[in-house]
Ligand SMILES: [Zn+2]
């Protein structure tokens, strides 16, 4: 179970390293928007990463580190704000998410 979650986070780390520089370049060139949307999961993940980068630029690796720590502590998958379980699909898209979707929406609204 824990190893499974750790593998999931590790995959996210690799995905982030893989797409980070490329997606940042794409951001500066609107014309490349025409790339076929390979899969919507990736698009969603990138959008969440963009949000995160806006909020605390460059702290993605810290967030992923935090996810690994939470796996060790057994609190992985629990919302840091309300303490409820984070939606499974959300965790698959964003394994390092610290809040459930409701709390995240509240945070984004301000
Ligand atoms: Zn919550």
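Residue numbers (this note's numbering): 667 to 776.
We put the beta carbon where it would ideally sit given N, CA and C, even for glycine.
Cβ of residue i within 8 Å of Cβ of residue j?
i, j, result
"residue 743", "residue 752", "yes"
"residue 671", "residue 737", "yes"
With DSSP collapsed to three states, give me the class of residue i.
i, result
"residue 746", "coil"
"residue 763", "coil"
Of the residues the options, which one's Cα is nearest the Cα of residue i?
i, options, result
"residue 778", "674, 672, 768, 676", "Residue 778 lies beyond the range of the chain shown here (667 to 776); nothing can be said about it."
"residue 762", "729, 773, 772, 670", "729"
For ligand 1, is there any heavy atom lying closer than 7 Å to the beta carbon of residue i?
i, result
"residue 736", "no"
"residue 768", "yes"
"residue 771", "no"
How long is the line joining the alpha carbons of residue i and residue j, rounded to whole angstroms?
i, j, result
"residue 733", "residue 748", "17 Å"
"residue 676", "residue 757", "13 Å"
"residue 770", "residue 764", "9 Å"
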